[in-house]
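Heads up: the sequence lines are chains A and B, in that order. Per the numbering used here: the first sequence ends with 585, consecutive numbering throughout. Per the numbering used here: the second sequence ends with 585, consecutive numbering throughout. Ideal Cβ positions, reconstructed from N, Cα and C, are used throughout, including at glycine. Quick notes on the structure that follows.
Number of protein chains: 2
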Amino acid sequence: MGLLESAITGKKRSSSHAHVVAELGSSIVSGRISVGTILPGDNELTQRFNVSRTVLREAMKTLAAKGLIEPKAKVGTRVLPSDKWNFFDPDVLGWRFDAGIDQTFTDYLAEIRLALEPAAAAAAAIRATSDDIVALYAIAAKFDNLSHTPESIAKVDLDFHIAIARMSGNPFMRSATALIEAALAISFRLSSPAASPEMIDAIADNHLRIAHAIASRDPEKAVAAMRHVIDVGRSRITRCLTEGQIPISSTSA
Amino acid sequence: MGLLESAITGKKRSSSHAHVVAELGSSIVSGRISVGTILPGDNELTQRFNVSRTVLREAMKTLAAKGLIEPKAKVGTRVLPSDKWNFFDPDVLGWRFDAGIDQTFTDYLAEIRLALEPAAAAAAAIRATSDDIVALYAIAAKFDNLSHTPESIAKVDLDFHIAIARMSGNPFMRSATALIEAALAISFRLSSPAASPEMIDAIADNHLRIAHAIASRDPEKAVAAMRHVIDVGRSRITRCLTEGQIPISSTSA
DNA sequence: TCTTTTCAAAAGTATGATTTTATGATCTTC
DNA sequence: GAAGATCATAAAATCATACTTTTGAAAAGA
Numbered sequence: 333m334g335l336l337e338s339a340i341t342g343k344k345r346s347s348s349h350a351h352v353v354a355e356l357g358s359s360i361v362s363g364r365i366s367v368g369t370i371l372p373g374d375n376e377l378t379q380r381f382n383v384s385r386t387v388l389r390e391a392m393k394t395l396a397a398k399g400l401i402e403p404k405a406k407v408g409t410r411v412l413p414s415d416k417w418n419f420f421d422p423d424v425l426g427w428r429f430d431a432g433i434d435q436t437f438t439d440y441l442a443e444i445r446l447a448l449e450p451a452a453a454a455a456a457a458i459r460a461t462s463d464d465i466v467a468l469y470a471i472a473a474k475f476d477n478l479s480h481t482p483e484s485i486a487k488v489d490l491d492f493h494i495a496i497a498r499m500s501g502n503p504f505m506r507s508a509t510a511l512i513e514a515a516l517a518i519s520f521r522l523s524s525p526a527a528s529p530e531m532i533d534a535i536a537d538n539h540l541r542i543a544h545a546i547a548s549r550d551p552e553k554a555v556a557a558m559r560h561v562i563d564v565g566r567s568r569i570t571r572c573l574t575e576g577q578i579p580i581s582s583t584s585a
Numbered sequence: 333m334g335l336l337e338s339a340i341t342g343k344k345r346s347s348s349h350a351h352v353v354a355e356l357g358s359s360i361v362s363g364r365i366s367v368g369t370i371l372p373g374d375n376e377l378t379q380r381f382n383v384s385r386t387v388l389r390e391a392m393k394t395l396a397a398k399g400l401i402e403p404k405a406k407v408g409t410r411v412l413p414s415d416k417w418n419f420f421d422p423d424v425l426g427w428r429f430d431a432g433i434d435q436t437f438t439d440y441l442a443e444i445r446l447a448l449e450p451a452a453a454a455a456a457a458i459r460a461t462s463d464d465i466v467a468l469y470a471i472a473a474k475f476d477n478l479s480h481t482p483e484s485i486a487k488v489d490l491d492f493h494i495a496i497a498r499m500s501g502n503p504f505m506r507s508a509t510a511l512i513e514a515a516l517a518i519s520f521r522l523s524s525p526a527a528s529p530e531m532i533d534a535i536a537d538n539h540l541r542i543a544h545a546i547a548s549r550d551p552e553k554a555v556a557a558m559r560h561v562i563d564v565g566r567s568r569i570t571r572c573l574t575e576g577q578i579p580i581s582s583t584s585a
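This is the structure:
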């Protein structure tokens, strides 16, 4: 389940393994367990979470695989500094998302999107097949719908950006789609429930401009159009954050 | 142990857990186990690797955490399509690296570097502290050394680029340092053992230009200087690959 | 034919024991 | 007394086995 979807539905954990991973991962990324500390031993944690050692250790392996912790014999399992965390991992990003969104975070997110997505659009303008372009227009057409809710708009938006990442052909671009989803999950959470028809029209127009640029094999135009879409999204989020709203965390939702 | 270091030393795995993870991960990323296939059951794999079910399952959790596989009750553990793989994960990147380097891969790598690193340099030009700049010059100074081996040059190179990613302040940029390391590991592996003094001089100059741009708080210049460094590196790799050399895999090394 | 029940395969969970590893203290040697 | 070797120990790593839950698919019933 993606970040956007879970931001919409608000669903919770399933298996006990996933529970432990989410609990520890979220605690670490949010800073409730601070960097450099040694986690409690197996015995204590198995009691706290009421799970077997098997589940606990598998959860630890999962967290270690994402760069959050590092076990060491005799000393214990240490929480690694945040520059070892893999922020391109959907889970890590989700936990960061849960920890609360502030201006700094959204700025960094926009910065990395402005670095990656225009480049992806440029690559797509060069490498996309005819089928790709048809598919892209098909997604863009979905913006043009009278009965759009904020959720449905966000989903179409996500589909559009993911399609471009795919069309770029670059596997690294595709691996970065979690970032895009995070940005859209934020804008969904912050946006006022009733999006105005004009705003929807504007979003549709801006995206259509990207599709046109790619269809006409014009990388420069694709870059410019993509930059514009991201800029608009960022300024909307910034406006929501500065207009008296307090940084929102999932626990307060 | 980073990708560059292991490319230099050529050291191997240690624990049996790491062994299983590396074996399966490498097989999947290289395509020896093709996408969509169901992995053999626990019993068969425990026998093949001669390990207990515990370590096998922990290895599976590690691979699942990196997006390579997904378990499902009753059907088995499926190898996920490559667009689910996290290519920003150092291990995944390392396995891709081991699978063999071709022109396409290095092009994609350069493309993503050209998207990310100039942006990081621009951010660094704006946000770097005085201490950061001093530290950056200290690294740049290390290029200027008579007795440089290809390894030592690659290490300084890596340090320099990582420093800039750090100075950008953007956690996403920092998470992408694995990509930089991959690129340098490739250029180290492909480069002729005896680098000419002129080439070293040129590399030092180009990097110094980045440092100057950041020190003078000039984002545009920083972007241009960084682009140039990456372009030079890419064309050097391309030349090595096209000049009669066959794509190199670690097994043939 | 379609729905429901049942079954079994595979993942998930639990428990206890044994082995490896690395720190820090102790002991030896010079 | 300082440098180095040795050992005790805490924690992770590994092993072996048993039990539970999930779920796709086949079998039974309507």
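- Within the region 436-448 of chain A, the residues whose Cβ lies closer than 8 Å to some Cβ of chain B are Tyr440, Leu441, Glu443, Ile444, Leu446, Ala447, Leu448, listed in chain order.
- Assigned with DSSP and collapsed to three states, Val411 of chain A falls in strand.
- Using a Cβ distance threshold of 9 Å, Asp430 of chain B and Val361 of chain B count as a contacting pair.
- Think of a sphere of 8 Å around the beta carbon of Ala451 of chain B: the chain A residues whose beta carbon falls inside it are Glu443, Ile444, Leu446, Ala447, in chain order.
- In the DSSP secondary-structure assignment, Pro403 of chain A is bridged to A:Thr409.
- Comparing C-alpha distances from Glu449 of chain B to each of B:Leu573, B:Thr341, B:Ala536, B:Glu552 shows the shortest one belongs to B:Glu552.
- For the pair Gly399 of chain B and Leu371 of chain B, the CB atoms are not nearer than the 9 Å cut-off.
- Residues of the region 529-552 of chain A that bring their beta carbon within less than 7 Å of a beta carbon in chain B are absent altogether.
- Per the Cβ contact rule, the region 468-483 of chain B is not in contact with the region 533-543 of chain A (fewer than 3 Cβ pairs under 8 Å).
- Taken through DSSP and simplified to helix, strand or coil, Ile370 of chain B comes out as strand.
- The C-beta distance from Gly357 of chain B to Asp434 of chain B rounds to 20 Å, too long to meet the 8 Å contact threshold.
- By the beta-carbon neighbour count (other beta carbons within 10 angstroms, threshold 16), Thr438 of chain B is buried.
- Contact check for Met558 of chain A against Ile569 of chain A fails: the beta carbons are separated by 9 Å or more.
- Boundaries of the alpha helix (DSSP H) around Ser519 of chain B: 509-522.
- Secondary structure note for Ile471 of chain A: its alpha helix (DSSP H) is the uninterrupted segment 462-473.
- Put simply, the CB of Asp464 of chain A is far from chain B, with every gap to its CB atoms at 9 Å or more.
- Separation of Asp463 of chain B and Ser548 of chain B (C-alpha to C-alpha, rounded to the nearest whole angstrom) is 14 Å.
- The three-state secondary structure of Ala431 of chain A, taken from DSSP, is coil.
- Note on geometry: alpha-carbon atoms of Asp421 of chain A and Asn418 of chain B lie some 7 Å from one another.
- For the region 498-525 of chain A, residues whose beta-carbon sits nearer than 9 Å to a beta-carbon of chain B comprise Arg498, Ser500, Gly501, Asn502, Pro503, Phe504, Met505, Arg506, Ser507, Ala508, Thr509, Ala510, Leu511.
- Taking 9 Å as the cut-off between beta carbons, the residues of the region 378-391 of chain B near chain A are Thr386, Arg389, Glu390, Ala391, in sequence order.
- By a beta-carbon distance limit of 8 Å, Ala396 of chain B does not contact Val352 of chain B. Their separation comes to about 13 Å.
- Judged by DSSP in its simplified three-state form, Lys416 of chain A adopts helix.
- Ala447 of chain B sits away from Ser500 of chain B, with the two beta carbons spaced by 9 Å or more.
- The beta carbons of Gly368 of chain B and Arg410 of chain B sit about 7 Å from each other, so the pair counts as a contact at 8 Å.
- A straight line joining the alpha-carbon of Ser414 of chain B with that of Arg498 of chain A spans about 11 Å.
- Out of A:Leu377, A:Thr394, A:Gly426, A:Lys393, the CA that lies nearest to the CA of Ala515 of chain A is found in A:Gly426.
- Interface with chain A (9 Å Cβ-Cβ cutoff): His351 of chain B is excluded.
- If you look at Asn538 of chain A, you'll find it in the alpha helix (DSSP H) that goes 529-547.
- Around the beta carbon of Pro503 of chain A, 16 or more other beta carbons sit within 10 angstroms, so the residue counts as buried.
- Between Val561 of chain B and Asn538 of chain B, the beta carbon gap of about 5 Å places them in contact (Cβ cut-off 8 Å).
- Put simply, the backbone Cα of Glu376 of chain B is about 13 Å away from that of Arg389 of chain B.
- Apart from the 5 residues on each side of it in sequence, Phe381 of chain A sits with its Cβ closer than 6 Å to the Cβ of Val352 in its chain, given in chain order.
- In this structure, the CA atom of His493 of chain B is about 7 Å from the CA atom of Ile512 of chain B.
- Per the C-alpha coordinates, the member of A:Ala452, A:Ser528, A:Ser484, A:Arg566 positioned closest to Arg445 of chain B is A:Ala452.
- At a cut-off of 9 Å between beta carbons, Trp417 of chain A contacts chain B.
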